[in-house]
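Taken in sequence, the protein lines are chains A and S.
Position in the first sequence (first residue = 1) + 123 = the numbering used here.
Position in the second sequence (first residue = 1) + 17 = the numbering used here.
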Amino acid sequence: MPSRRRALLILLSLATALLASVAVSLATGSVALSPGEVLRALIGDEGGLGGEVVRSLRLPRALAGLACGGLLALAGALMQVLLKNPLADPYVLGISGGASVGALAAMLFGLPLMLLHAGAFGGALAAMLLVFGLAHGDGSWTQTRLLLTGVIVAAGCGALVALMLSIAPEFQLRGMLFWLMGDLSQAESPWPALVILLLGLACVLPFSRDLGLLARGEISAQVLGVPVDGLRLLIYALASLFTAVAVNVAGSIGFIGLIVPHLVRLAAGNDLRLLLPASVLAGGTLLVVADTLARILVAPQQLPVGVLTALLGVPVFLYLLSRQPERSGP
Amino acid sequence: MTANADRDAPPLLVTQSLAVTIAGRTLVRSLDLSLRRGETLAILGRNGSGKTSLLHTLAGLRPAAAGRIELCGRPYAEHAPRAAAQLRGLLAQTHSDAFPASVLETALIGRHPHLGRWDWEGAGDERIARAVLASVGLAGLEAREVHTLSGGERQRLAIATLLSQQPLLYLLDEPLAHLDLSHQILMLELVQRYATECQAGFIVALHDMNLALRYCQRALLLYGDGRWKEGPSAEVLTAASLSELYGHALREISDGDARHFIAA
Chain A
124 MPSRRRALLI
134 LLSLATALLA
144 SVAVSLATGS
154 VALSPGEVLR
164 ALIGDEGGLG
174 GEVVRSLRLP
184 RALAGLACGG
194 LLALAGALMQ
204 VLLKNPLADP
214 YVLGISGGAS
224 VGALAAMLFG
234 LPLMLLHAGA
244 FGGALAAMLL
254 VFGLAHGDGS
264 WTQTRLLLTG
274 VIVAAGCGAL
284 VALMLSIAPE
294 FQLRGMLFWL
304 MGDLSQAESP
314 WPALVILLLG
324 LACVLPFSRD
334 LGLLARGEIS
344 AQVLGVPVDG
354 LRLLIYALAS
364 LFTAVAVNVA
374 GSIGFIGLIV
384 PHLVRLAAGN
394 DLRLLLPASV
404 LAGGTLLVVA
414 DTLARILVAP
424 QQLPVGVLTA
434 LLGVPVFLYL
444 LSRQPERSGP
Chain S
18 MTANADRDAP
28 PLLVTQSLAV
38 TIAGRTLVRS
48 LDLSLRRGET
58 LAILGRNGSG
68 KTSLLHTLAG
78 LRPAAAGRIE
88 LCGRPYAEHA
98 PRAAAQLRGL
108 LAQTHSDAFP
118 ASVLETALIG
128 RHPHLGRWDW
138 EGAGDERIAR
148 AVLASVGLAG
158 LEAREVHTLS
168 GGERQRLAIA
178 TLLSQQPLLY
188 LLDEPLAHLD
198 LSHQILMLEL
208 VQRYATECQA
218 GFIVALHDMN
228 LALRYCQRAL
238 LLYGDGRWKE
248 GPSAEVLTAA
258 SLSELYGHAL
268 REISDGDARH
278 FIAA
């Protein structure tokens, strides 16, 4: 169990890493800028091309990456508590499946970008309500039932996505695939996602010790005075909302929600008072770094960032699994 | 307000006409029980006779099918969850460890109801956790990962976690499961010590009628069909009543003052 001081030190160093990743992301790209130029651009002194690039292109994109990475990592940590399963991630309950169906349908019918976002968000919420409604059907609410319902709904959404891809006209396919793989270049204003991330964190942090008990089992948590039912509903709703918002901004980006909580857990232990904020910072850093790489690796072409997080995530995750076979799943 | 509005503090736990049902089957009917501080009560019954369900109902974890429960003079609805957690604790039958944790961390979770929302466990909490770990014979294992413990060690850790919670009323669901003989005796002596020194109350589901007779002042027999019988252990625990309870003939053997039951 980390002491409060050690927890603050870890959070401080993660925050520094996040700031550094954002700074690098602002300075790199087709127009390379010095740190001084970036700083001047941020405070609005730098006119010309550099200032324009930083203020209207790179900064919104970096902040969107930060917000989405933080949201996905936080949602993943919460889902792992909710399902008491270290393998849970934000997409396991079919939320991104629903969002993909909504977004691809909007693309298929040639709807404008705003309706595409509405479609993605609506699809995510619809999948979330469907899973919750079905899993709650008989009044009981076991995590196995929730998990099964989510996996089934996700599979159904996958089939719908495949159907839409197969009947989509050629010229729409590329956009659809990029959306499915996660892409921050479409990100509009990052502020709503950032605000939701901060508000969500403020909702969750006061309950982080209760959540730690919940992850150890409902009965013992309830005996120790944790309002189990209300808390489970809260984290289900919040994790779904975080995922829906992140998917809405950047498409479906895999592995952040799964590996970041595990990386933090390995490095700093399983105390949720530290794990939750540390996951937000580490998730934001990872996505900002991945997106910077996606922009510059094969410039001027851009890669979908979801491909990079998965390429980084798969080996790390396999390594973790093989390292701790005894800890996988209840 | 209370049933016996006298000068004394209300009993730790009072039930009036309590019924426990599972899937439409009534396991316990019209249970009237009162437990004061310092008292120990054993619950005996066959598998599926409702011992666990009754304990969970008494802990306020599941609603009573009928009747009334009062913890320290007030129903659970009038206790905030945290306040109730400072008054009663439960040793559950199963312990899940989905995520890694050390022995000390696990013992410290019992301190949860005593900490404020933003508090972290302090030196005092750690001292309590280390002391209870030592009292169940787990001193020296504080840094061990929980999933490396044996079944008996895990059970003793669960008991230590409950002790670090420091409630007034202890509800123990088969505390002797997985324990070897010497640790069974150690745990029951711990129960006796807490009952006399801390004036805590204990309700203990047990399968060993001899240990119940020796260590618990009172006994509650659950027949599983709604009937129950409660009274001082020495009176309630007889060869006849136990034979009926378990559906298997038992014989009583006397060894000086001590009485023992063996399966016939």
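Think of the CB as a built atom: it goes at the ideal place given N, C-alpha and C, for glycine as much as any other residue.
Inset, instruction - At 7 angstroms on the CB atoms, spell out the chain S contacts of S445 (chain A), in chain order. - result: Residues of chain S passing the Cβ test: none, with the nearest at roughly 16 angstroms.
Inset, instruction - Inspect the CB distances between the region 182 to 189 of chain S and the region 218 to 227 of chain S and report whether three or more fall short of 8 angstroms. - result: By the criterion of at least three beta-carbon pairs nearer than 8 angstroms, the region 182 to 189 of chain S is in contact with the region 218 to 227 of chain S.
Inset, instruction - Can you check DSSP and say which residues form a bridge with S277 (chain S)? - result: Note that residue 277 (chain S) is His in the sequence shown here, rather than Ser. Partner(s): S:I270.
Inset, instruction - Check the Cβ of S113 (chain S) against every Cβ in chain A and list those closer than 8 angstroms, keeping chain order. - result: K207, R339, G340 and P453
Legend entry - Unbroken beta strand (DSSP E) run spanning R339 (chain A), endpoints: Per DSSP, R339 (chain A) belongs to no beta strand (DSSP E) and is neither H nor E.
Legend entry - Per-residue DSSP class, three states only, for L186 (chain A): helix
Inset, instruction - Count the other CB atoms, across all protein chains shown, that sit within 10 Å of the CB of W302 (chain A); report buried if there are 16 or more and exposed otherwise. - result: buried
Legend entry - Beta carbon proximity, E449 (chain A) to chain S, threshold 7 angstroms: Since pLDDT at E449 (chain A) reaches only 45, below the 50 mark, its modelled position is unreliable, and no value is offered.
Inset, instruction - Could you tell me the boundaries of the beta strand (DSSP E) in which A228 (chain A) lies? - result: Run containing A228 (chain A): none in the beta strand (DSSP E); it sits in the alpha helix (DSSP H), I218 to L231.
Inset, instruction - May I ask which residues mark the beginning and end of the alpha helix (DSSP H) holding Q266 (chain A)? - result: Q266 to I290
Inset, instruction - List the residues of chain A whose Cβ lies closer than 7 angstroms to the Cβ of R99 (chain S), in chain order. - result: G348
Legend entry - Residues that L107 (chain S) contacts on chain A, provided the C-beta gap is smaller than 7 angstroms: Those within 7 angstroms of L107 (chain S) in chain A are V346.
Inset, instruction - List the residues of chain D that L336 (chain A) touches, going by C-beta distances under 8 angstroms, in chain order. - result: Going by chain labels, chain D is absent from the structure shown, which instead holds the protein chains A and S.
Inset, instruction - Ignore the nearest five residues each way along the sequence and tell me which others in A200 (chain A)'s own chain have a CB closer than 7 angstroms to its CB. - result: Cβ neighbours of A200 (chain A) within its own chain (closer than 7 angstroms, five residues either side excluded): P384, L398, L399 and S402.
Inset, instruction - With 7 angstroms as the threshold, decide whether the Cβ of R161 (chain S) is near any Cβ in chain A. - result: No, because no Cβ of chain A sits closer than 7 angstroms to the Cβ of R161 (chain S).
Inset, instruction - Find out if the Cβ-Cβ distance for the pair A188 (chain A), L320 (chain A) is shorter than 7 angstroms. - result: Reading off the sequence, residue 188 (chain A) comes out as Gly, not Ala. Between G188 (chain A) and L320 (chain A), the C-beta spacing is not below 7 angstroms.
Inset, instruction - Go ahead and label Q203 (chain A) buried or exposed: buried means 16 or more other beta carbons lie within 10 angstroms of its beta carbon, across all protein chains shown. - result: Only buried fits Q203 (chain A), as 16 or more other CB atoms lie within 10 angstroms of its CB.
Legend entry - Nearest neighbour of A229 (chain S), chosen from S:R105, S:H131, S:R144 and S:M204 [CA to CA]: Looking at S:R105, S:H131, S:R144 and S:M204, the one whose alpha-carbon comes closest to that of A229 (chain S) is S:M204.
Inset, instruction - Return helix, strand or coil for V154 (chain A), following the three-state DSSP convention. - result: coil
Legend entry - Test: W245 (chain S) CB closer than 7 angstroms to a CB of chain A: no
Legend entry - Stretch-stretch touch, CB-based, cutoff 8 angstroms, three pairs: the region 125 to 135 of chain S with the region 167 to 186 of chain S: yes
Legend entry - Neighbour flag for L213 (chain A) against chain S, beta carbons, 7 angstroms: The question names Leu, yet the displayed sequence has Pro at residue 213 (chain A). No, because no Cβ of chain S sits closer than 7 angstroms to the Cβ of P213 (chain A).
Inset, instruction - Could you pull out every unbroken alpha helix (DSSP H) segment of at least 4 residues lying fully inside the region 137 to 162 of chain S, listed in chain order? - result: 140 to 152
Legend entry - Under 9 angstroms by beta carbon: chain A residues contacting Q183 (chain S): Neighbours of Q183 (chain S) on chain A: none; closest Cβ ~12 angstroms, over 9 angstroms.
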